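Take the sequence shown: its letter number 116 is residue 101 in our numbering, and every next letter is one higher.
C-beta: ideal position from N, C-alpha, C; glycine also.
Just so it is clear, the structure is predicted and the values come from calculations on it, not from any experiment.
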Amino acid sequence: MALDMAKYRRIFLEEAADHLAEISRALLDLEKEMGNVEAIDTLFRMAHSIKSMAASLGYAPVSELSHRLEDRMEGVREAGRVRDPQELSLLFRGLETLEAMVRTVADDRELAPADEGLLAELRATPERAAAAPDPVAADSPEAVGGEPKKVRS
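What follows is the structure, given as C-alpha cells:
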C-alpha cells in the first residue's frame, strides 16, 4: 500500500500555516514585552511542531531551520526573555525564512538548503548577561583591586 504523499503534503501545509501564524502572533507579543512567557512557550512549541512534521515528510531544510529556532527558543526560555532587539529581529528573520520555505513546498518546487548564515546566528549562544546583573567591567577599579566608586544618594 503506497502512501498518499499529496495528502500528507496538504496536511503539512495546513498545519504549518497555522503554526507560522502562531509564531507571528507570539513574536508580535514579544515585541511588546520581551519577557512574555506564554509567547516564548508558544514560539518554542510551534517551532518544534514544524520541525517534527517537516522531518517526517523529508523537508530537511524546513526541519533544520525549525530545529535551530527551537534550540534558540530553549535559550530564551532559560533566560526568561528575549535578550535584546537584535535577538528579536533574528527570530523574525527565522519566521520569514520558514514562511518562504513553506511557500516553496506549496508551489511544489525544490527546497534549497537552509541559509547557513541564519543557521549559524541561531546556533550562536547569546550572552546570558541580559538575564543577570551587569558584571564588574574587567578594567574597572573594583576588578583590579582599586577602591569602589562612591555612589551619590
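Between M38 and I25, the alpha-carbon positions lie close to 20 Å from each other. The straight-line gap separating the alpha-carbon atoms of G43 and R108 is approximately 22 Å. The residue from D93, G102, E23, G65 with its alpha-carbon nearest to that of E49 is G102. One Cα belongs to D14, the other to R68, and the distance between them is close to 14 Å. The residue among E63, E16, A1 with its C-alpha nearest the C-alpha of T110 is E63. In terms of CA proximity to E84, L5 leads the group G65, L5, L96. Counting every other CB atom within 10 Å of its CB across the protein chains shown gives P46 a total of 16 or more, marking it as buried. Counted as a single uninterrupted DSSP element, the stretch harbouring E95 is not any alpha helix (DSSP H), since DSSP gives it neither H nor E.
Using a C-beta cut-off of 8 Å, the stretch 8 to 22 makes contact with the stretch 74 to 84, since at least three inter-stretch Cβ pairs fall below that distance.
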